[in-house]
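Residue 102 in UniProt numbering is what sits at position 102 of the sequence shown, and the numbering runs on without skipping anything. To start, the structure itself, in structure tokens.
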Amino acid sequence: VSAMHRVGSAGNTSNSVRARKEKRLTYVLNDSDDTKHCAGINCLALLKSSVPDGGDYLFTGSRDGRLKRWALAEDGATCSATFESHVDWVNDAVLAGGNTLVSCSSDTTVKAWNCLSDGTCTKTLRQHSDYVTCLAAAEKNANIVSSGGLGGEVFIWDLEAALAPISKSSDAMEDDCSNGIIGSGNSLPITSLRTIGSSNSISLHTTQSQGYLPVAAKGHKESVYALAMNDSGTLLVSGGTEKVVRVWDPRNGSKTMKLRGHTDNIRALLLDSTGRFCLSGSSDSMIRLWDLGQQRCVHSYAVHTDSVWALASTPSFSHVYSGGRDLSLYLTDLATRESILLCTKEYPILQLALHDNGLWVATTDSSVHRWPADGQDPQKVFQRGGSFLAGNLSFSRARASLEGSIPVPVYREPSFSIPGTPGIVQHEILNNRRHVLTKDTSGSVKLWEITRGVVVKDYGEVSFDKKKEELFEMVSIPAWFTVDTRLGSLSVHLDTPQCFSAEMYSADLNIVGKPEDDKVNLARETLKGLLSHWLTKRRQRYGSQASANGDVPSGKDISARSITLSRVEVDGNAENDSFVYPPFEFSAASPPSVITEGSQSGPWRKKITDLDGTEDEKDFPWWVLDCVLHNRLPPRENTKCSFYLHPCEGSAAQILTQGKLSAPRILRIHKVVNYVVEKMVLDKPLDSISSDGNFVPGGQLQHSAVGGDGSFRSGLKSWQKLKPSIEILCNNQASYHKACASFC
């Protein structure tokens with residue numbers, strides 16, 4: 001019995017600081033039911049039918065990064081389109097210009113879509129340098145939309161001008177209002193430059209000679225969380241962490257007044273149709289009614305016990321529906337101050353939309369509910385009793401709730417619901433680096449195989465920690481990917497060159513028909529699986545020789561560029577093919593989405609089955625194309641690992657070697673066994689090992705012992721037929737004949 005001990009190495013530090021961070025490729029695993037949202041709903045927009053019996057549409061924007069269109073009927077709602085392009089939370093959405101849906105996101109962009117289309121983004125507007133938190137549209141001036149965000153930025157967009165095609169021909173996936181932002185290391189003319197600020201957000205220094213620029217409303221010193229416009233688009237109000245309501249002329253971005261009164265962040269704003277009255281909701285738990293003509297607060301309403309995040313008024317501005325962090329939905333008569341609790345559920349309320357005799361409520365849950373609301377006669381619900389008079393000091397409501405006079409909600413259950421799927425809130429990458437254990441908001445625990453993007457086991461509601469312990473394996477594979485669950489599902493991030501650090505033997509992946517000692521690079525095969533649809537489409541479009549170095553209309557030589565950027569090695573073990581092995585086949589029924597960016601146009605997101613084959617180095621990182629099209633992987637550092645081999649304590653085995661042994665980081669244990677047996681049985685002197693022996697003390701595993709395909713080449717030696725019993729221990733754990741020893 002022998003024992004293996006790893007020798008720590010200082011590692012190659014000379015190249016540890018990389019000159020520039022390469023673009024990342026992320027893929028998001030979609031749940032089996034892709035018609036549903038899988039994270040909180042941040043925003044709602046309603047499109048009323050222009051014909052009497054036509055169907056209405058509800059648009060929802062989610063923290064899962066997508067928007068959906070729901071065709072509403074008396075008895076249900078059907079998801080009729082998914083709008084996918086944002087790469088982070090969708091924070092707000094408005095309908096403008098008839099059929100234009102405008103959305104904003106934490107990815108710093110504002111996007112425009114044809115709201116009746118199949119979900120293709122028509123324009124990306126990149127003017128913000130940080131999260132875009134809110135939007136406002138002018139009801140009767142279909143052309144004007146304003147956007148506000150962190151860092152105090154407020155922009156007013158003329159949609160007709162902003163959405164007009166750029167005169168310069170652009171091959172970008174979608175027209176970009178920043179005229180194709182160019183990354184470093186490019187030969188293309190730079191029309192605008194992006195710099196990464198200290199907050200890691202993208203800031204724009206525009207030097208455009210052409211292209212549309214929005215009107216900037218400058219004056220906020222802090223972040224903006226709420227906007228509202230009057231019907232004609234001649235008045236804009238904004239609010240945020242400065243605790244003041246600012247009033248602007250959106251036609252030129254000039255300030256007209258500033259209204260003080262709130263004591264915390266302003267989170268929701270409404271203007272009446274004329275623009276005379278303004279309602280505000282704040283984290284100070286108060287709702288305030290302002291008369292802009294008199295430039296003062298005329299009423300304040302202590303309705304909620306915590307932050308007010310959402311407001312919706314009746315068409316005549318006589319009543320306001322409000323919701324927020326206290327999980328409760330109230331209706332308040334603005335004139336009499338009478339207020340009533342409509343419902344309380346288990347999630348904070350993020351946005352409200354009044355629709356005929358119902359009120360759509362969006363919360364931090366992935367489902368959307370419609371509650372009864374009498375649009376014609378909101379006063380009727382007060383006849384049920386249980387209302388109270390809203391005080392004008394915030395602590396009056398807080399004190400009342402402490403004294404136990406908590407109002408009873410009018411409604412117990414919503415009249416209608418659009419269910420979502422539970423979002424993932426906890427995850428653990430298992431030691432085999434292919435499986436991830438997750439837990440969702442319903443408490444359900446699942447095991448995902450990330451190289452196929454599928455749930456391999458649904459354990460139901462069990463203890464996450466116990467299941468994690470149960471699944472623990474004594475294996476060591478390098479960390480080749482990272483994971484987060486910000487979008488409510490698993491996002492798997494691949495960064496070069498780290499992602500190419502993990503290899504497994506084909507035998508351990510159960511790949512049939514491939515020599516069992518062939519090493520398989522997990523990231524390379526995963527990228528091939530993700531982009532197999534794209535590769536097929538590309539071949540149909542450009543012929544079988546389609547590659548990225550000049551024989552397609554991309555006009556740029558990626559291979560020359562990638563070689564200058566770093567030393568590149570061709571993966572010698574694998575044939576240059578696009579064949580996808582079963583452990584890396586992604587589901588066609590619920591395909592994952594890719595989030596990435598190339599040399600132009602900034603980050604984007606698409607389902608892998610929606611890629612059309614035209615995407616090239618403008619859209620994908622060069623290293624991804626280099627791997628998939630040319631079979632080239634970045635050079636690997638520290639591919640060898642040193643260790644000692646000596647008799648186990650209490651064993652009678654003799655000392656075999658004095659010095660260090662060196663081997664590839666991943667090594668099938670039978671090779672070590674063979675080496676030990678060869679030493680013990682044949683008892684050859686150390687210096688006279690044949691050139692195809694496995695180990696050389698102080699030296700390396702000789703490649704001559706391994707065939708070009710990675711298979712062990714030399715035939716069975718006489719002593720192997722005797723099969724002596726040898727056990728190798730690593731960290732006091734037995735490593736069995738078929739197992740891999742991998743050193744990290």
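Positions of the beta carbon are idealized from the N, C-alpha and C atoms, including for glycine.
Alpha carbon of residue i to alpha carbon of residue j, nearest angstrom
i           : j      : result
THR314      : SER328 : 18 Å
SER444      : GLN294 : 55 Å
VAL677      : VAL454 : 43 Å
THR336      : LEU289 : 13 Å
SER307      : THR441 : 23 Å
PRO592      : ALA653 : 53 Å
GLU22       : VAL28  : 19 Å
residue 745 : PRO422 : The question about residue 745 has no answer, for the chain in this structure spans 1 to 744.
GLY239      : SER129 : 18 Å
LEU271      : PHE277 : 6 Å
SER161      : SER532 : Residue identity differs from the one stated: residue 161 is Ala in this sequence, not Ser. Rounded to the nearest angstrom, the two C-alpha atoms are 38 Å apart.
LYS168      : SER463 : Note that LYS168 has pLDDT 47, beneath the 50 cutoff, so the model's placement of it is unreliable and the number below is only indicative. Using only the alpha carbons, I get a separation of about 58 Å.
SER506      : VAL475 : 16 Å
LEU269      : ASP284 : 14 Å
PRO664      : CYS641 : 6 Å
LYS514      : ARG66  : 40 Å
TRP113      : SER587 : 28 Å
ARG325      : LYS466 : 33 Å
PRO165      : PRO52  : 35 Å
THR536      : SER318 : 59 Å
ASN631      : LEU163 : 40 Å
VAL110      : LEU135 : 9 Å
Proximity winner among the options, relative to residue i (alpha-carbon distances)
i      : options                        : result
HIS670 : ILE726, PHE584, PRO634, HIS493 : ILE726
ALA353 : HIS369, VAL676, LYS345, THR263 : HIS369
LEU490 : LEU437, MET286, ARG632         : LEU437
THR82  : SER280, ASP118, ASP231         : ASP118
THR241 : ASP231, GLY233, ALA226, ASN252 : ALA226
ALA93  : ASP64, VAL87, LEU46, ALA77     : LEU46
THR78  : ALA96, CYS115, THR35, CYS641   : THR35
SER651 : LEU729, LEU58, GLU346, SER103  : LEU729
LYS439 : TRP448, SER232, ALA136, GLY152 : TRP448
PHE584 : LEU522, ALA479, ALA142, SER300 : LEU522
LYS679 : LYS606, LEU135, LEU645, ILE429 : LEU645
Local Cβ density within 10 Å of residue i, reported as buried at 16 or more and exposed below that
i           : result
ARG538      : buried
PHE579      : exposed
ALA310      : buried
MET229      : buried
GLN600      : buried
residue 757 : Nothing can be reported for residue 757, as the shown portion of the chain is limited to 1 through 744.
SER33       : For the record, residue 33 in the displayed sequence is Asp; it is not Ser. By the 10 Å Cβ count, ASP33 comes out exposed.
residue 747 : The displayed coordinates of the chain run from 1 to 744. Any statement about residue 747 would go beyond what the structure contains.
ARG412      : exposed
GLU525      : buried
ASN732      : exposed
THR274      : exposed
GLN376      : exposed
ILE450      : buried
GLU473      : exposed
GLY543      : exposed
LYS68       : buried
HIS37       : buried
LYS258      : exposed
Rounded Cβ spacing between residue i and residue j (contact assumed at less than 8 Å)
i      : j      : result
ASP150 : SER223 : Checking the displayed sequence, the identity of residue 150 turns out to be Leu instead of Asp. 4 Å between Cβ atoms; contact.
ASP333 : GLN379 : 7 Å
VAL520 : GLU503 : 6 Å
SER103 : VAL90  : 5 Å
VAL594 : LEU527 : The Cβ separation is near 10 Å, so there is no contact.
THR60  : ALA362 : 7 Å
LEU341 : PRO409 : 5 Å
GLY55  : ALA39  : The pair is not a contact, with the Cβ atoms about 26 Å apart (cut-off 8 Å).
GLN127 : PRO250 : Not a contact, Cβ separation roughly 15 Å.
SER322 : GLY281 : 6 Å
LYS221 : GLY152 : 6 Å
Segments assigned beta strand (DSSP E), at least 3 residues, entirely inside the stretch 357-395: 358-363, 368-372
Which runs of the beta strand (DSSP E) spanning at least 3 residues fall entirely within the stretch 248-289, listed in chain order? 254-260, 266-271, 277-282
Start-end ranges of the beta strand (DSSP E) lying completely within the stretch 64-145, minimum 3 residues: 66-73, 76-84, 90-96, 100-105, 110-114, 121-125, 132-137
What runs of the beta strand (DSSP E), each 3 residues or longer, lie entirely inside the stretch 305-337? 308-313, 319-324, 328-333
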